[in-house]
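Residue numbers (the working numbering): 6 to 266.
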């Protein structure tokens, strides 16, 4: 697919990489970018070979410095809500992808950029990364899910501290708070991201997808119901060719060759 503000590439078999490609604007998220993120996620839903998605930003300064303030500045209340809805839809489409989505963050991940990273399944970051929700300094609240995803990831008190102060935290603090899974030197970040992606791509695709869906669906259910869903998914996995191949390979002491069927 051809895009204006993002790149969608396949650096290796089964691994896709979506890059926000507005480096001169610090990868600020305008309406076009949000539309293209949504379109890319919709496209990936149809790609049978997709095993994992890496999401990053171009250039050395920012993952995404936020929503495009110049575009937002003159919006009315109704227009502002419509813009927020566009961001919500784009980020939710990433969250609902059946494959794991990993945010690869260097530089600024602020406002909409932080919200974009949090819509991924987890975040890895460079030592130079910075995170924050500084919308209150602009007279607005977060609009792309920041108040909700941040509190779920780091807890109510830490989320409120960031949301109402507008301050930024560095990668080490984000790691300590549980916002980020891993921190790497900037020169090693994409290499480590690809290493993680290869590890995921080598697993049984249907089992990986079911694990993601069980976590997403189960977190809003009480434990007994969520465990019942897992029991059913476990049973269903025995109907796949991947289960037959995976267990045969284990017994025969060889590498499994999964086909996602």
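Backbone N, C-alpha and C define an ideal beta-carbon position, used for all residues, glycine too.
Practice task
Identify whether residue 125 lies in helix, strand or coil by the three-state DSSP scheme.
Solution key: Here residue 125 refers to the residue found at position 120 when the chain shown is read from its first residue. If DSSP states are grouped into helix, strand and coil, residue 125 belongs with coil.
Practice task
Figure out for me which residue from 215, 229, 175 and 241 has the closest Cα to the Cα of residue 134.
Solution key: Residue mapping note: residue 134 aligns to position 129 of the chain shown, counting from 1. When only C-alpha atoms are compared, the closest one is 175.
Practice task
Keeping to the same chain, check which residues put their C-beta closer than 6 Å to that of residue 98; ignore five residues upstream and five downstream.
Solution key: Within the chain shown, numbered from 1, the residue matching residue 98 stands at position 93. Closer than 6 Å at Cβ, skipping near neighbours: 43 and 46.
Exercise for the section: Kindly indicate which residue of 119, 58 and 32 has the alpha-carbon position closest to the one of residue 19. Expected result: As a working note, residue 19 is residue 14 in the chain shown. For residue 19, the nearest C-alpha among the options comes from 58.
Handout entry: Selection from 150, 64 and 155 that minimises the alpha carbon distance to residue 113
Key = In the chain shown, residue 113 corresponds to position 108, counting from 1. Residue 113 has its Cα closest to that of 64, out of 150, 64 and 155.
Exercise for the section: With a 10 Å radius around its C-beta and 16 neighbouring C-beta atoms as the bar for buried, classify residue 107 as buried or exposed. Expected result: Residue mapping note: residue 107 aligns to position 102 of the chain shown, counting from 1. Under this definition residue 107 is a buried residue.
Practice task
Return yes when at least one heavy atom of the ligand COA lies under 6 Å from the C-beta of residue 33, else no.
Solution key: This structure simply doesn't include the ligand COA, nor any ligand for that matter.
Problem - The alpha helix (DSSP H) enclosing residue 218, as first and last residue numbers - result: Along the chain shown, one-based indexing puts residue 218 at 213. From DSSP, the alpha helix (DSSP H) with residue 218 extends over 210-223.
Practice task
With residue 247 as the anchor, note down where its alpha helix (DSSP H) starts and where it stops.
Solution key: On the chain shown, residue 247 is found 242 positions in, with the first residue counted as 1. Start and end: 246-256.
Handout entry: N-terminal and C-terminal residue of the alpha helix (DSSP H) that residue 159 is part of
Key = As a working mapping, residue 159 is identified with position 154 in the chain shown. Where residue 159 is concerned, the enclosing alpha helix (DSSP H) stretches over 151-159.
Problem - One or two residues paired with residue 110 in a DSSP bridge - result: Position 105 of the chain shown holds residue 110. 130, per the DSSP bridge assignment.
Problem - Option in 157, 119 and 83 with minimal Cα separation from residue 147 - result: What you label residue 147 is simply residue 142 of the chain shown in a count that begins at 1. Taking only the C-alpha atoms, the option nearest residue 147 is 119.
Exercise for the section: Please determine, among 137, 94, 130 and 127, the residue with the shortest C-alpha to C-alpha distance to residue 115. Expected result: Taking the chain shown and counting its residues from 1, one reaches residue 115 at position 110. Minimum Cα distance to residue 115 is reached at 137.
Handout entry: Extent of the continuous beta strand (DSSP E) run through residue 58
Key = The count along the chain shown starts at 1 and reaches residue 58 at position 53. Residue 58 -> beta strand (DSSP E) spans 57-62.
Handout entry: Cα-Cα separation, residue 222 to residue 156
Key = Translated into the one-based positions of the chain shown, residue 222 becomes position 217. Translated into the one-based positions of the chain shown, residue 156 becomes position 151. Each residue's Cα considered, the two are about 18 Å apart.
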